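Trainee: All letters in the sequence shown, in the order written, are residues 7 to 236 by my numbering.
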Amino acid sequence: MLPQNALRVPRNRGARSPPRTRDPGQSCTIPGETSPFRAERAEPGRRRGGGTGRAWVRAVSIRRYEMKRWMVGFFAAGAALLVTSAVAALDPGARAPAFDGRALANAQRIDLAQHRGSVVVVDFWASWCEPCAEAMPALERIYQRYRGQGLVVIGVSEDRTADNARGFLSRTRVSFPVMHDADHSVANRFSPPTMPSTYIIDRQGVVRHVHSGFRGGDAATLERQIRELL
């Protein structure tokens with residue numbers, strides 16, 4: 007599915023498009039379709055009054071080539087995630103799979119196994135996902151409130167590049183460690199159904215709760231479930 011702003015197609019005047027919603031409670035499905043493209047590549051404005059010269063035609067051709075090349079890689083990664091999700095979804099009661107990586111902020115090692123004995127929240131997110139922008143500050147508030155009682159929060163970015171994740175974090179600051187899942191290997195183990203997806207893991211390393219998406223009342227639910235495990 008092509009991004010809406012990449013190619014303009016004349017609309018049938020007799021048909022009406024469904025209304026768009028910007029409700030922060032919605033979730034972003036994998037592979038995200040047009041959302042990451044709009045976030046990462048803003049379309050240049052059309053020239054006014056001039057029309058279409060050779061430069062414009064050449065720019066459109068280059069842009070279409072870049073878009074096709076991007077879509078091949080992005081949808082291939084998304085297809086892998088969807089296949090894994092269908093085969094081995096991680097449900098409550100399952101043992102959390104091990105993973106490790108490096109924090110984007112300071113390159114310190116992140117290792118889930120090192121936090122055995124603590125309540126851990128693993129949150130999968132991406133910069134192009136609007137509900138993630140609502141969920142991250144809520145997780146930060148919960149983390150600040152309960153970190154002294156042994157709560158650990160780990161953010162896992164599924165962005166195409168680490169720079170996209172860093173750009174998001176420069177606007178939405180959090181103090182818990184965040185890593186970039188460059189090859190989607192961590193996501194392949196957890197099989198998150200949407201962005202964001204939040205996993206609450208108890209002190210024995212067992213997944214107790216899985217949250218898909220983020221809505222206004224989810225912060226209170228997350229806090230209550232975490233508090234019960236501390």
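Built from N, CA and C at the ideal position, the CB exists for glycine as well. Since the structure is predicted, the reported quantities are computational estimates derived from the model, not experimental observations.
#1: In terms of alpha-carbon separation, which member of 230, 220, 227, 235 lies closest to residue 131?
#2: For the pair the stretch 101 to 108 and the stretch 134 to 148, tell me if three or more CB-CB distances fall below 8 angstroms.
#3: Is residue 166 helix, strand or coil by DSSP?
#4: Is it buried or exposed for residue 57, if we count other Cβ within 10 angstroms and need 16 for buried?
#5: Is residue 181 buried or exposed, if buried means 16 or more other CB atoms sit within 10 Å of its CB?
#6: Quick check: what's the CA-CA separation for residue 45 versus residue 168?
#7: Quick check: what's the CA-CA separation for residue 117 versus residue 107?
#8: Counting only the same chain and skipping the five closest in sequence on each side, list residues whose C-beta sits under 6 angstroms from that of residue 121.
#9: With a Cβ-Cβ cutoff of 8 angstroms, do residue 156 and residue 184 count as a contact?
#10: Between residue 165 and the rest of its own chain, which residues show a CB-CB distance below 6 angstroms, the 5 nearest in sequence each way excluded?
#11: How many Å lie between residue 195 and residue 223 at the Cα?
#12: Would residue 214 and residue 228 qualify as a contact pair, given that the criterion is a beta-carbon distance under 8 angstroms?
#13: Buried or exposed for residue 143, going by 16 or more other Cβ atoms inside 10 Å?
#14: The alpha helix (DSSP H) with residue 227 in it runs from where to where?
#15: How is the alpha helix (DSSP H) around residue 196 delimited, first residue to last?
#16: Please list, in chain order, all residues of the same chain as residue 198 whose beta carbon is under 6 angstroms from its beta carbon, the five residues on each side excluded.
#17: Can you tell me whether residue 156 is helix, strand or coil according to DSSP?
#18: Compute the Euclidean distance between the alpha carbons of residue 186 and residue 153, then round it to the nearest angstrom.
#19: Report the rounded CA-to-CA distance for residue 113 versus residue 188, giving the unit in angstroms.
#20: Strictly by DSSP, which residues pair up with residue 109?
#21: Can you tell me whether residue 203 is helix, strand or coil according to DSSP?
#22: Mind checking who residue 217 pairs with in its DSSP beta bridge?
#23: Quick one: what's got a C-beta closer than 6 angstroms to residue 95's C-beta in the same chain, skipping five residues either side?
#24: For the stretch 117 to 161, list the alpha helix (DSSP H) runs that are entirely contained and at least 4 residues long, ordered along the chain.
Mentor: From the atom records:
#1: 220
#2: no
#3: coil
#4: Low per-residue confidence applies at residue 57: pLDDT is 48, beneath 50, and the placement is therefore not dependable enough to give any value.
#5: exposed
#6: In this predicted model, residue 45 has a pLDDT of only 38, less than 50, meaning its place in the structure is not dependable enough to derive any value.
#7: 7 angstroms
#8: 158
#9: no
#10: 132, 133, 171
#11: 28 angstroms
#12: no
#13: exposed
#14: 224 to 235
#15: 191 to 196
#16: 130
#17: coil
#18: 22 angstroms
#19: 14 angstroms
#20: 185
#21: strand
#22: 204
#23: 197
#24: 136 to 152
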